[in-house]
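Engineer:
Residue numbers (the working numbering): 941 to 1082.
#1: Excluding the 5 residues preceding and the 5 following residue 946 in the sequence, name in chain order all residues of the same chain whose CB lies nearer than 7 Å to its CB.
#2: Ordered along the chain, which non-local residues of its own chain (more than five positions away) have a Cβ less than 8 Å from that of residue 1078?
#3: If we call anything under 8 Å between Cβ atoms a contact, is residue 1034 one with residue 1007?
#4: Is the CB-CB distance between residue 958 and residue 1004 below 8 Å?
#5: Thinking residue 955 and residue 1052 are a contact (beta carbons under 8 Å), I'd like their distance in whole angstroms, please.
#6: So, is residue 1041 buried or exposed, given that buried needs 16 or more other C-beta atoms within 10 angstroms?
#7: In terms of residue numbering, what span does the beta strand (DSSP E) encompassing residue 1035 cover?
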């Protein structure tokens, strides 16, 4: 398997302050991550990995801000012949794009004049349940 990063684009960067009264000044920020992988039909060597993080305030769990950052990495890959090759490629692409996502979140929050939100360093292959061989809730294994 051979692959190379060809580019990264910020598809969405948003920050909104929430003027909520916090009864408890300690609040828990729980970022929610999602990922989408696509291939170009006309050129099966081109792969797109969209990596997104969201922080959303709810009535049950108020947050001082809402945040959404989505980056798309464009990769060129060859010799992806098995499902295991595909899984390894997706994990590797995620590992490459994630540090850029962390930097974008830190920069966005710092530029909003709040303490920068530093996402944790997450080891490759542990970020998403499917990378760990787990089945996400609501999905069946065939």
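From the three backbone atoms N, C-alpha and C, an ideal C-beta is built for every residue, glycine too. Keep in mind the model is a prediction, meaning the values are calculated, not measured.
Structural biologist: Result, derived from the coordinates:
#1: 1014, 1015 and 1016
#2: Only weak support is given to the placement of residue 1078: the predicted model assigns it a pLDDT of 46, under 50, and the value that follows is read from those uncertain coordinates. Nothing listed; no residue qualifies.
#3: no
#4: yes
#5: 5 Å
#6: buried
#7: Careful: residue 1035 lies outside any beta strand (DSSP E), inside the alpha helix (DSSP H) at 1023 to 1051.
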